[in-house]
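What follows is one structure encoded as structure tokens, with my remarks underneath.
Residue numbers (the numbering used here): -9 to 595.
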């Protein structure tokens, strides 16, 4: 399409107004508007010069943008469905309840075990009488107490399948609304096959297997010692040995892992010797559960709730991981396997406004708030130093956190990351969407907020599959990646943290874009004291490769590596290179052997 000849401002204003209201009624029209923007002189026409560098577009259209936005958001009514939280528990009895203790959703297992249906009251469910009142109290605690986000309780009533356990987990909601609770129950029937797995995979002794069985059935240390005719101290030492051998972090983790193993230990599934046991331990279903396990949450000092995701072994070496605007939070099964192989614990804070993390205030400082939130989470988890793996446009978050909390960050690994040049000059690629959002972020905040809302509503309207194809259209490798159903499922779930049935990251997206396109180059200088390595994808349309030489000259202490046959989804396309690199950085941080001095000398040379 050829660029249009300059037109009369009044004609342009009429056309722009028509397009704004077209977008309000049909968000997919944003694509056409951005193409039209690229083919006109509107950018020059609405870029002011002199002391006032912002607001020319807003001056003409702000009131119209606000009116159009009211129409745009009519279609954004988050549903109350919580089925997604039940997905990882298809083989258990699971249901969700709201603050009024009314069942909001239940799976087939819950219906079969307790005759649970949507709309039932928790107090009327057909559950063992001895656990009914404790379960009510625990659910209330999980829903309303800040210090109680998860509890595990046991019914004393024995059944043919063994003891019954109930796990209750808080499901936070957006904007300070009362959360719901997920209740997962299982009949624990200890089978010899579970002991075989614990012996073959983790070398647990018969005595240790017996302790795991007792823990899984809900016994405490004293009752285990009494039943086995031994001391409490002996049982505690056995539990420490079990946790170490199974590469777990706590006694509760041992119970959860044993419950997972019980899914794959039906008598009909065993009998094939060591090979069958090996298959059970490395079961694809187990890794599938790891991919889709629920997010965790934490209450921040200002009362906002932040969710976060952990992948890999809980006692692995930690790496802080950012998710970019397209919310690349969850990993695929092969990536999860690599994390376990390399003893790598990935910690991904889900930033304010994404998924179920409470939104920022409209006047908040994005960088400062994100750094404070992240530091609070790491300190709450007891983590003192770790590398930061940062995606794409998220690079300012890493630079700001390293400046404000240098004690936390050992080094930075950029995955398609984009530093800015001195003076704040961006290195963004030439794509039309990219150019449009960069310009609006710098010059007209009302338009970038409206366009961000339109992006989210477009994603909801056309669906995540079509939106992923739109995002990936400039990269053949990204488009090829979408041919894998397994990877596509994960990417769709990630995208829904930005624009899903109950999420809308428009405010956060716009505020971040504005913050990223202010001058934050002073933060780049603060990174001289730690190693910084950036992987740049050859097919990434969001970065200008012509700017790489300028980046080399401006920041000689940063190393850059161009990765061929990769695009925006670089982390998923080159996981076999990147995950070991993250693990190396994590182990350097743990051993305090990060090559800071060598990098500083090289930079100063």
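For each residue, glycine too, the CB sits at the ideal point set by N, CA and C.
*Three-state secondary structure (DSSP) at residue 377?*
Here residue 377 corresponds to residue number 387 of the chain shown, with the count starting at 1. Here residue 377 sits in strand by DSSP.
*asked:* Quick check on the DSSP output: the beta strand (DSSP E) that includes residue 95 runs from which residue to which?
replied: Residue 95 sits at position 105 when you count from the first residue of the chain shown. Run containing residue 95: 93 to 96, per the beta strand (DSSP E) assignment.
*Are three or more beta carbon pairs between the stretch 519 to 527 and the stretch 548 to 562 nearer than 8 Å?*
The way I'd put it, the stretch 519 to 527 does touch the stretch 548 to 562; three or more beta-carbon pairs between them come closer than 8 Å.
*asked:* Let's test the definition: count the other Cβ atoms within 10 Å of the Cβ of residue 494 and tell me whether it reaches 16, buried, or not, exposed.
replied: To locate residue 494, count along the chain shown from 1; it is residue 504. Burial is judged here by how many other beta carbons sit within 10 angstroms of a residue's own beta carbon; residue 494 has at least 16 and is buried.
*asked:* Checking 8 Å against the spacing of the C-beta atoms, do residue 467 and residue 529 come in under that value?
replied: Reading the chain shown from its first residue, position 477 is the one you call residue 467. Reading the chain shown from its first residue, position 539 is the one you call residue 529. Against a cut-off of 8 Å, the Cβ pair of residue 529 and residue 467 comes out as a contact.
*Are the beta-carbon atoms belonging to residue 349 and residue 218 less than 8 Å from one another?*
Start at 1 with the first residue of the chain shown, and residue 349 comes out as number 359. Start at 1 with the first residue of the chain shown, and residue 218 comes out as number 228. The answer is no: Cβ separation not under 8 Å.
*Below 6 Å CB to CB, which residues in the same chain sit around residue 311 once its five sequence neighbours on both sides are set aside?*
In the chain shown, the residue the question calls residue 311 occupies position 321. So the qualifying residues of the chain are 336, 338 and 379.
*For residue 301 versus residue 561, is the C-beta distance shorter than 8 Å?*
Translated into the one-based positions of the chain shown, residue 301 becomes position 311. Translated into the one-based positions of the chain shown, residue 561 becomes position 571. Going by C-beta atoms, residue 301 is not nearer than 8 Å to residue 561.
*State the DSSP-derived secondary structure class of residue 494, mapped to helix, strand or coil.*
In the chain shown, residue 494 corresponds to position 504, counting from 1. It is a strand residue.
_Backbone secondary structure at residue 220 - three-state DSSP_ = Reading the chain shown from its first residue, position 230 is the one you call residue 220. DSSP places residue 220 outside both helix and strand once states are collapsed to three, so it counts as coil.
*Thinking C-beta only, is residue 171 closer than 8 Å to residue 403?*
Here residue 403 refers to the residue found at position 413 when the chain shown is read from its first residue. Here residue 171 refers to the residue found at position 181 when the chain shown is read from its first residue. No. Outside cutoff.
*Can the beta-carbon of residue 488 be found closer than 8 Å to that of residue 448?*
If you number the chain shown from 1, residue 488 lands on position 498. If you number the chain shown from 1, residue 448 lands on position 458. Taking 8 Å as the Cβ cut-off, residue 488 and residue 448 do not qualify as a contacting pair.
*Which of the three DSSP states, helix, strand or coil, is assigned to residue 395?*
Residue 395 sits at position 405 when you count from the first residue of the chain shown. Reduced to three states, the DSSP call for residue 395 is coil.
*Under 8 Å between the Cβ atoms of residue 133 and residue 113?*
Position 143 of the chain shown, counted from the first residue, corresponds to residue 133. Position 123 of the chain shown, counted from the first residue, corresponds to residue 113. No, the Cβ-Cβ distance between residue 133 and residue 113 is not below 8 Å.
*Express the C-alpha separation of residue 434 and residue 4 in angstroms, rounding to a whole number.*
By 1-based counting over the chain shown, the position of residue 4 is 14. By 1-based counting over the chain shown, the position of residue 434 is 444. About 18 Å.
*Along the chain, which unbroken stretches of the beta strand (DSSP E) at least 3 residues long are found entirely within the stretch 542 to 571?*
548 to 553
*asked:* According to DSSP, is residue 144 part of a helix, a strand, or is it coil?
replied: Residue mapping note: residue 144 aligns to position 154 of the chain shown, counting from 1. Residue 144: strand per DSSP, three-state reduction.
*Is it right to say residue 351 is buried, meaning 16 or more other beta carbons lie within 10 angstroms of its own, or is it exposed?*
Reading the chain shown from its first residue, position 361 is the one you call residue 351. By the 10 Å Cβ count, residue 351 comes out exposed.
_Just to check my reading of the structure: residue 158 and residue 141 have Cβ atoms closer than 8 Å, yes? What is that Cβ distance to the nearest angstrom?_
Within the chain shown, residue 158 is the residue found at index 168, counting from 1. Within the chain shown, residue 141 is the residue found at index 151, counting from 1. So it is a contact: roughly 5 Å between Cβ atoms.
*Do the stretch 426 to 444 and the stretch 469 to 478 touch if we need at least three Cβ pairs shorter than 8 Å?*
Touching, no.
*Would you call the stretch 229 to 246 and the stretch 197 to 207 in contact, with 3 or more CB pairs under 8 Å?*
yes
*So what's residue 596 in DSSP terms, helix, strand or just coil?*
Residue 596 lies beyond the residue range present for the chain, which begins at -9 and ends at 595; the question has no answer from this structure.
*Exposure of residue 361, with buried meaning 16 or more beta-carbon neighbours within 10 Å*: Counted from its first residue, the chain shown places residue 361 at position 371. Per the 10 Å Cβ criterion, buried.
*Take residue 70 and list the residues in its own chain whose beta-carbon comes closer than 6 Å to its own, dropping the five residues that flank it on each side.*
Within the chain shown, the letter at position 80 stands for residue 70. Reliability of the predicted coordinates at residue 70 is poor, the pLDDT of 46 falling under 50, and no value is obtained from them.
*Would you mind giving the Cβ-Cβ distance between residue 553 and residue 527, rounded to the nearest angstrom? I have them listed as a contact below 8 Å.*
Indexing the chain shown from 1 puts residue 553 at position 563. Indexing the chain shown from 1 puts residue 527 at position 537. 5 Å between Cβ atoms; contact.
*Distance, Cα to Cα, residue 285 vs residue 161?*
Position 295 of the chain shown holds residue 285. Position 171 of the chain shown holds residue 161. Cα to Cα, residue 285 sits roughly 9 Å from residue 161.
_Which runs of the alpha helix (DSSP H) at least 4 residues long sit entirely within the stretch 394 to 466? Give them in chain order._
Taken in chain order, the complete alpha helix (DSSP H) segments of 4 or more residues contained in the stretch 394 to 466 are 422 to 433, 435 to 452 and 454 to 461.
*Verify whether the separation of the beta carbon atoms of residue 534 and residue 428 is less than 8 Å.*
Start at 1 with the first residue of the chain shown, and residue 534 comes out as number 544. Start at 1 with the first residue of the chain shown, and residue 428 comes out as number 438. Residue 534 places its beta carbon 8 Å or farther from that of residue 428.
*asked:* Please state the DSSP three-state secondary structure of residue 478.
replied: For the purposes of this step, residue 478 is taken as the residue at position 488 of the chain shown. Helix at residue 478.
*Would a C-beta distance cut-off of 8 Å place residue 509 and residue 414 closer than the cut-off?*
The sequence position of residue 509 within the chain shown is 519, counting from 1. The sequence position of residue 414 within the chain shown is 424, counting from 1. Yes; because the gap between Cβ atoms is below 8 Å, this pair is in contact.
*asked:* Quick check on residue 6: buried or exposed, where buried means 16 or more other Cβ atoms within 10 Å of its Cβ?
replied: To locate residue 6, count along the chain shown from 1; it is residue 16. Answer is buried; the Cβ neighbour count reaches 16.
*Look up residue 238 in the DSSP assignment and say whether it is helix, strand or coil.*
On the chain shown, residue 238 is found 248 positions in, with the first residue counted as 1. Coil.
*Could you tell me which of 412, 444, 111 and 295 sits nearest to residue 62, measuring between CA atoms?*
Counted from its first residue, the chain shown places residue 62 at position 72. Residue 62 has its Cα closest to that of 444, out of 412, 444, 111 and 295.
*Member of 320, 304 and 537 whose CA lies at the smallest distance from the CA of residue 412*: Residue numbering aside, residue 412 sits at position 422 when the chain shown is read from its first letter. Among 320, 304 and 537, the Cα nearest to that of residue 412 belongs to 537.
*By DSSP, does residue 175 sit in helix, in strand, or in coil?*
Along the chain shown, read from residue 1 onward, the residue named residue 175 stands at position 185. Three-state result, residue 175: strand.
*Nearest-angstrom beta carbon gap, residue 174 and residue 82 [assumed within contact, 8 Å]*: Mapped onto the chain shown, residue 82 falls at position 92. Mapped onto the chain shown, residue 174 falls at position 184. At roughly 5 Å, the Cβ-Cβ gap stays under 8 Å, so residue 82 and residue 174 are in contact.
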